[in-house]
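Below you'll find the structure, written out as structure tokens, and then a few comments.
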Amino acid sequence: MRRPPDTESLLREAAPQALAAVVRRFGDFGESEDAVQEAMIDAARQWPAQGVPENPVGWLIHVASRRMTDRIRSEAARRGREDAVAADRVEAPPPSEPDAAGDSDDTLVLMFMCCHPALTPASTIALTLRAVAGLTTAEIGSAFMVPEATMAQRISRAKKSVEASAEPFRMPAADERPERLRSVLRVVYLIFNEGYVSSGGPDLARAELAAEAIRLARIARLALPEDPEVAGLLALMLLTDARREARTDAAGKLVPLDEQDRSLWDRAAIAEGVALLAEAVARGAVGEYQLQAAIAAEHARAARPEDTDWREILGLYGLLERITGNPMVALNRAIAAAMVDGPEAGLALLAELDDPLAGHHRLHATRAHLLELAGDADAAIAEYRLAAERTSSLPEQQYLTTQAARLNERRG
Amino acid sequence: MKFMLLQDYGGIMREGVPVMSEWPPQAIEAHIAFQKDLNAELRERGELVEAQALTTPELAKFVVSDGASTPVVTDGPFPESKELLAGYRMIDVESIERALEIAARASAAPAHDGAAIEQAIEVREVMGPIEH
Chain A
1437 MRRPPDTESL LREAAPQALA AVVRRFGDFG ESEDAVQEAM IDAARQWPAQ
1487 GVPENPVGWL IHVASRRMTD RIRSEAARRG REDAVAADRV EAPPPSEPDA
1537 AGDSDDTLVL MFMCCHPALT PASTIALTLR AVAGLTTAEI GSAFMVPEAT
1587 MAQRISRAKK SVEASAEPFR MPAADERPER LRSVLRVVYL IFNEGYVSSG
1637 GPDLARAELA AEAIRLARIA RLALPEDPEV AGLLALMLLT DARREARTDA
1687 AGKLVPLDEQ DRSLWDRAAI AEGVALLAEA VARGAVGEYQ LQAAIAAEHA
1737 RAARPEDTDW REILGLYGLL ERITGNPMVA LNRAIAAAMV DGPEAGLALL
1787 AELDDPLAGH HRLHATRAHL LELAGDADAA IAEYRLAAER TSSLPEQQYL
1837 TTQAARLNER RG
Chain B
144 MKFMLLQDYG GIMREGVPVM SEWPPQAIEA HIAFQKDLNA ELRERGELVE
194 AQALTTPELA KFVVSDGAST PVVTDGPFPE SKELLAGYRM IDVESIERAL
244 EIAARASAAP AHDGAAIEQA IEVREVMGPI EH
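Protein sequences appear in the order of chains A and B. Under this note's numbering, residues 1437 to 1848 are what the first sequence spells out, in order. Under this note's numbering, residues 144 to 275 are what the second sequence spells out, in order.
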């Protein structure tokens, strides 16, 4: 990063609030987004030298609005029209002094706009990172390992889709809100996972994306402090990210949960996650993020792997499977069942997944692990090899190949 | 000058080198470390454009379309065509000699026994714009 960190983080925080205010005032999402980006560039240039203004959000809104009115004026002039409309907008009252709740509501509306159902997940992620998280196109491009020009095009197409949908800048109607919130949370979680397990690249953790996802969840929580799933997602990400340092060794190799150096876990993040989860669960509306967070919390609670309460985890996976119907959850339930009732119990559950997860590398990797626990080295090696052939993650492929090699060596 | 250094799955290499999952785990580690170090060194020297590994032939697909009817998609692996690209490095270097030197380094990555794997590296120059 070229800018000093304080300007950087201030801008990141201020950008979505400023954008929300400008969109609310001028209505045009794409143009407003460009204007705020330009204002941010001005800020990055001026603030380090001239000092940070007292009200950074207000400063950005002011500069971006000036650019918007300049644009409207020149547009009007170009069309040879009376610029009464422009004048009218220029005279619009300055944004009222922000109150915290109003600001976070605006940011939430912005999130809802970016997570528009008409957009593909890839576009939604890119647009959210740009508009809500305030990342530059170059940063987003490098995070997803695509050229900047490609990412710019993806974002610009996404903006056009949002504009074409002609959705006004307002909170979705009450009956649409739960569904839209679900897609916001899903997008945030996708961003986090992209950072946590990079699906393509050689680096297992792209910590910046995970940090951005956590920040986005914090913003959502400011606007919806009483929603248990928003809190659940934030807790889940904090509890998972707490293990980041322990998850790879010095050579960048994957370290499985039961072999991690637990002293490297981030205790502050765990404490925050556990507290958030307790508060959410007390509200009584259980959901998939809270359940996943509860499982992560069980692991975090265990000082040593053998202290893990697998019976509790097995119960939580059972609930999660019932809510989601996701076969990947069933895979994890099989591991928990193996830890409680022995590897054969887990293998029996896996047999039911041959159909829904046919050929999936996780199914083979899990079966390999359970076969190894059951003492069947030959079958475990074969399954580790199948898993290694089928994964598209390089660190995972190296891990699985090494597992097969380790068993092969021991077998002699 | 830009070159692609290409490596195949099941490509030509020293006789007697087993599949990687039969190597001692330490040898796998040394091999991976070698590749990473080589990439880091090339990046440091400003010679590395991109290095990528590709998924296995098991996940490969071939697509043929006449532009009108439904495309014909064939799933891997493909017993009839043994060699499929496993990965590549694109480098930007001063001369073909330097490209060959880097290819030689890659070819001598350590195998299961710590000695060079002697894997054949295909060196192909990337075609550029009109020369003046």
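All residues carry an ideal CB built from backbone N, CA and C; glycine is no exception.
Buried or exposed (CB count within 10 angstroms, at least 16 for buried), B:Pro-222:
Using a 10 angstroms sphere on the CB of B:Pro-222, the tally of other CB atoms stays under 16, which defines it as exposed.
DSSP three-state label for A:Phe-1462, please.
Looking at A:Phe-1462 - three-state DSSP - the assignment turns out to be helix.
Against chain B, does A:Pro-1529 count as a neighbour if the rule is that its beta carbon must be under 9 Å from one of theirs?
Summary for A:Pro-1529: the model assigns pLDDT 43, below 50, so the residue's position carries little reliability; its value from the coordinates is reported in the next sentence. Judged by the 9 Å Cβ criterion, A:Pro-1529 is not in contact with chain B.
Return the residues of the segment 1806-1832 of chain A that lie within a Cβ-Cβ distance of less than 9 Å from chain B, sorted by chain order.
From the segment 1806-1832 of chain A, only Ile-1817, Tyr-1820, Arg-1821, Leu-1822, Ala-1824, Glu-1825, Arg-1826, Thr-1827, Ser-1828, Leu-1830 have a Cβ closer than 9 Å to chain B.
Helix, strand or coil: how does DSSP classify A:Phe-1628 here?
In the structure shown, A:Phe-1628 sits in a helix (DSSP, three-state: H, G or I).
Using a Cβ cut-off of 7 Å, which residues of the segment 1560-1585 of chain A contact any Cβ in chain B, in chain order?
Here the close residues number zero.
Under three-state DSSP, which class holds B:Gln-262?
The answer is coil: DSSP assigns B:Gln-262 none of H, G, I, E or B.
A:Phe-1630 versus chain B: which residues are under 9 Å apart at the beta carbon?
Per the sequence presented here, residue 1630 of chain A reads as Glu, with Phe not at that position. Ordered by position in chain B, no residue passes the 9 Å Cβ test against A:Glu-1630, which lies about 18 Å from the chain.
Is A:Ile-1731 buried or exposed, if buried means 16 or more other CB atoms sit within 10 Å of its CB?
Counting the other Cβ atoms within 10 Å of the Cβ of A:Ile-1731 gives 16 or more, which makes it buried.
Presumed contact (8 Å Cβ cut-off) between A:Met-1504 and A:Glu-1444, rounded CB distance:
Actually they are not in contact, since the Cβ atoms of A:Met-1504 and A:Glu-1444 sit about 24 Å apart, beyond 8 Å.
Within chain A, the residues that B:Ile-234 reaches when beta carbons sit closer than 8 Å:
Ordered by position in chain A, no residue passes the 8 Å Cβ test against B:Ile-234, which lies about 17 Å from the chain.
For B:Ser-164, three-class secondary structure by DSSP:
Residue state, collapsed to three classes: helix.
For the alpha helix (DSSP H) containing B:Gln-195, list its first residue and its last residue.
No alpha helix (DSSP H) holds B:Gln-195; the beta strand (DSSP E) holding it covers 191-196.
The alpha helix (DSSP H) enclosing A:Val-1407, as first and last residue numbers:
No answer is possible for residue 1407 of chain A: the residues shown for chain A start at 1437 and end at 1848.
What number of angstroms, rounded off, separates the C-alpha of A:Thr-1837 from the C-alpha of B:Leu-243?
Computed Cα separation, rounded: 30 Å.
What is the DSSP secondary structure of B:Val-216, counted as helix, strand or coil?
In the structure shown, B:Val-216 sits in a strand (DSSP, three-state: E or B).
At least three beta-carbon pairs within less than 8 Å, the segment 1777-1790 of chain A to the segment 1754-1762 of chain A
With a cut-off of 8 Å, the segment 1754-1762 of chain A and the segment 1777-1790 of chain A do not count as touching, because too few Cβ pairs lie within range.
Between A:Ala-1678, A:Glu-1819, A:Ala-1787, which has its C-alpha nearest A:Ala-1705's C-alpha?
When the alpha-carbon of A:Ala-1705 is set against those of A:Ala-1678, A:Glu-1819, A:Ala-1787, the nearest one is in A:Ala-1678.
Going straight from the alpha carbon of A:Arg-1439 to that of A:Gly-1516, what length do you get?
Interpretation of A:Arg-1439 is limited by its pLDDT of 48, a score under 50 that renders its predicted location unreliable; no figure is taken from the coordinates.
Cβ closer than 7 Å: which chain A residues qualify as neighbours of B:Thr-198?
Under the 7 Å cutoff, chain A gives Ser-1828.
Could one say the Cβ of B:Ile-171 lies closer than 9 Å to chain A's Cβ atoms, at least one of them?
Chain A, which has a Cβ nearer than 9 Å to the Cβ of B:Ile-171, makes this yes.
Within chain B, the residues that A:Gln-1834 reaches when beta carbons sit closer than 8 Å:
Within 8 Å Cβ-Cβ: Ile-171, Ile-175.
Cross-chain neighbours of A:Arg-1842 in chain B, by beta carbon under 8 Å
For A:Arg-1842, the chain B residues whose Cβ falls inside 8 Å of its Cβ are Pro-168, in order along the chain.
What does a CB cutoff of less than 7 Å around A:Ser-1601 pick up in its chain, not counting 5 residues either side in sequence?
Only His-1552, Ala-1554 meet the Cβ criterion.
Residues in the segment 1782-1805 of chain A with C-beta within 7 Å of chain B's C-beta atoms, listed in sequence order?
Considering only beta carbons, no part of the segment 1782-1805 of chain A lies closer than 7 Å to chain B.
Give, in chain order, every unbroken run of the alpha helix (DSSP H) that is at least 4 residues long and sits entirely within the segment 1770-1835 of chain A.
The segment 1770-1835 of chain A contains these whole alpha helix (DSSP H) runs: 1779-1787, 1797-1809, 1813-1826.
For B:Tyr-152, which residues does DSSP report across the bridge?
Listed as beta-bridge partners of B:Tyr-152 by DSSP are B:Leu-227.
Taking only beta-carbon positions, decide if B:Lys-204 is within less than 9 Å of chain A.
For B:Lys-204, the answer is no, since every Cβ of chain A falls outside 9 Å of its Cβ.
For B:Gln-169, the nearest candidate out of B:Gly-257, B:Gly-271, B:Gly-230, B:Thr-199 (CA to CA):
B:Gln-169 has its Cα closest to that of B:Gly-257, out of B:Gly-257, B:Gly-271, B:Gly-230, B:Thr-199.
Where the beta strand (DSSP E) through B:Val-207 begins and ends
Here the beta strand (DSSP E) through B:Val-207 covers 204-207.
With DSSP as the reference, label A:Val-1526 as helix, strand or coil.
Below a pLDDT of 50, predicted positions are generally treated as unreliable, and A:Val-1526, at 46, falls in that range; no measurement from the model is reported.
Expressed to the nearest angstrom, what Euclidean distance is found between the alpha-carbon atoms of A:Arg-1481 and A:Ala-1450?
Cα to Cα, the separation comes out at about 16 Å.
A:Phe-1462 and A:Ile-1508 - do their beta-carbons sit closer together than 9 Å?
Their beta carbons are under 9 Å apart, which means A:Ile-1508 touches A:Phe-1462 by this criterion.
Tell me whether A:Asn-1768 is buried or exposed, calling it buried when 16 or more other Cβ atoms sit within 10 Å of its Cβ.
Classification for A:Asn-1768: buried.
Would A:Gly-1570 be called buried (16 or more neighbouring beta carbons within 10 Å of its own) or exposed?
Its Cβ being crowded by 16 or more others within 10 Å, A:Gly-1570 is buried.
Residues of the segment 144-162 of chain B with Cβ closer than 7 Å to any Cβ of chain A, in chain order
Cβ contacts with chain A come from no residue of the segment 144-162 of chain B.
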